[in-house]
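Quick note: to get the numbering used here, add 138 to the position in the sequence shown (first position is 1).
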Amino acid sequence: MSWKVAIFCSLLISATLICGEKKKKEIRDFTDADLERLYAEWEENDEDELPDDEKPEHLRPKQHPSFEELQQQVIYVAKSPEDMMRLSKKGQSVMMFVSIVDPSGAAVTKDFSDALTGIWHSNLYNNHIDVQVYNVDIDRALFLFKDGAQAWEAKDFLSKQNECKEITLEGQNFPGAGDMKKKQEL
139 MSWKVAIFCS
149 LLISATLICG
159 EKKKKEIRDF
169 TDADLERLYA
179 EWEENDEDEL
189 PDDEKPEHLR
199 PKQHPSFEEL
209 QQQVIYVAKS
219 PEDMMRLSKK
229 GQSVMMFVSI
239 VDPSGAAVTK
249 DFSDALTGIW
259 HSNLYNNHID
269 VQVYNVDIDR
279 ALFLFKDGAQ
289 AWEAKDFLSK
299 QNECKEITLE
309 GQNFPGAGDM
319 KKKQEL
C-alpha cells in the first residue's frame, strides 16, 4: 500500500511541476497590452529616471506658480475673464473646435476644409503656436494645443478669418468673421 501512495505522490509532484512552469510567449505573440506591461516593468526597474519633459503628460509634475506670482500676474496681466482663463490653462492641454464656412456661400467640401485647416495650421506654426489639427467633420476641425495659453492667441487669429464661422473654446462659443447670422443682423 505504501508503494501505491509513493507512486501517487511522485506523479502528483511531477504533474504540478510540469503544469506549474509557465510557457514563455513568443515575442511575435505579444499584444499591445503585453508590450505596455513590459515597458512599465522595464521603466520601474530602470535606475535612470526620465526627465520631466520626456514623461507622459499625466505623470509630469504640475507646475503651480506661487501665490505671489499668481497675484502679480492677475493684477498686471489679467484685465478680463478671458485673460484669467489664459493664465489658468498655461501648461495644460486644451481643445478648440472651429466651424468652417465657405465665404462664397457654396457648400463646404472635404478638400476645401483640408486645405484651409492646413493653411491655418501653418500660419499658427509660423507664429510659434504649437498645435495639432484634426478634421472631425467636413465643416468642423479640432485644434489641440499642448499649452492652453496659446489657444486664446489662436482664437483671436481664427476669429478674424472669413472662413471661420464659430469657435468653441472651454465651453464658450465665439463668433467668427464668417458667421452669416452676425452679418445678416447688421
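Each residue gets a CB set at the ideal place from its N, CA and C atoms; glycine is no exception.
Here the structure is a predicted model, which is why all the values come from computation and not from measurement.
Determine the direct distance from the alpha carbon of D170 to that of F235, and round the result to whole angstroms.
By one-based count along the sequence shown, residue 235 stands at place 97. By one-based count along the sequence shown, residue 170 stands at place 32. If you take the alpha carbons of F235 and D170, they lie about 31 Å apart.
Please give me, in chain order, every unbroken run of the alpha helix (DSSP H) with length at least 4 that falls completely inside the segment 233-266.
Fully enclosed alpha helix (DSSP H) runs of 4 or longer: 248-264.
When burial is assigned at 16 or more other CB atoms within 10 Å of the CB, is D277 buried or exposed?
Counting from 1 along the sequence shown, the entry for residue 277 is found at position 139. Per the 10 Å Cβ criterion, buried.
How would you label G309, buried or exposed, when you count the other beta carbons within 10 angstroms and need 16 or more for buried?
One-based indexing of the sequence shown puts residue 309 at position 171. Exposed, because fewer than 16 other Cβ atoms sit within 10 Å of the Cβ of G309.
In three-state terms, what does DSSP make of N311?
On the sequence shown, residue 311 is found 173 positions in, with the first residue counted as 1. DSSP places N311 in strand when its eight states are reduced to three.
Are S297 and A315 close, meaning C-beta to C-beta below 9 Å?
On the sequence shown, residue 297 is found 159 positions in, with the first residue counted as 1. On the sequence shown, residue 315 is found 177 positions in, with the first residue counted as 1. It is a contact, given that the beta carbons lie within the stated cut-off.
Looking at the secondary structure, which residues open and close the alpha helix (DSSP H) in which Q288 lies?
Here residue 288 corresponds to residue number 150 of the sequence shown, with the count starting at 1. Residues 287-296.
Look at the alpha carbon of F283 and the alpha carbon of Y272, and state the distance between them as a whole number of angstroms.
Reading the sequence shown from its first residue, position 145 is the one you call residue 283. Reading the sequence shown from its first residue, position 134 is the one you call residue 272. Going from the Cα of F283 to the Cα of Y272 covers about 12 Å.
What is the DSSP secondary structure of I305, counted as helix, strand or coil?
Along the sequence shown, one-based indexing puts residue 305 at 167. In this structure, I305 counts as strand in the three-state DSSP scheme.
Just the Cα atoms here: how many angstroms apart are H266 and A253?
Position 128 of the sequence shown, counted from the first residue, corresponds to residue 266. Position 115 of the sequence shown, counted from the first residue, corresponds to residue 253. If you take the alpha carbons of H266 and A253, they lie about 20 Å apart.
If you drop the 5 nearest sequence neighbours on each side, which residues of the same chain put their C-beta closer than 6 Å to that of T125?
With the chain covering only 139 through 324, there is no way to say anything about residue 125.
Just to confirm, is the Cβ distance from H259 to V274 under 9 Å?
Start at 1 with the first residue of the sequence shown, and residue 259 comes out as number 121. Start at 1 with the first residue of the sequence shown, and residue 274 comes out as number 136. No, these two residues do not count as a Cβ contact at 9 Å.
Can you name the residues that DSSP bridges to N273?
Working through the sequence shown from its first residue, we reach residue 273 at position 135. Partner(s): A279.
Classify R198 as helix, strand or coil using the three-state DSSP reduction.
As a first step, residue 198 is located in the sequence shown; it is residue number 60 there, counting from the start. If DSSP states are grouped into helix, strand and coil, R198 belongs with coil.
Assign L176 to one of two classes, buried (16 or more other C-beta atoms within 10 Å of its C-beta) or exposed (fewer than that).
As a first step, residue 176 must be located in the sequence shown, where it is residue number 38. L176 comes out exposed.
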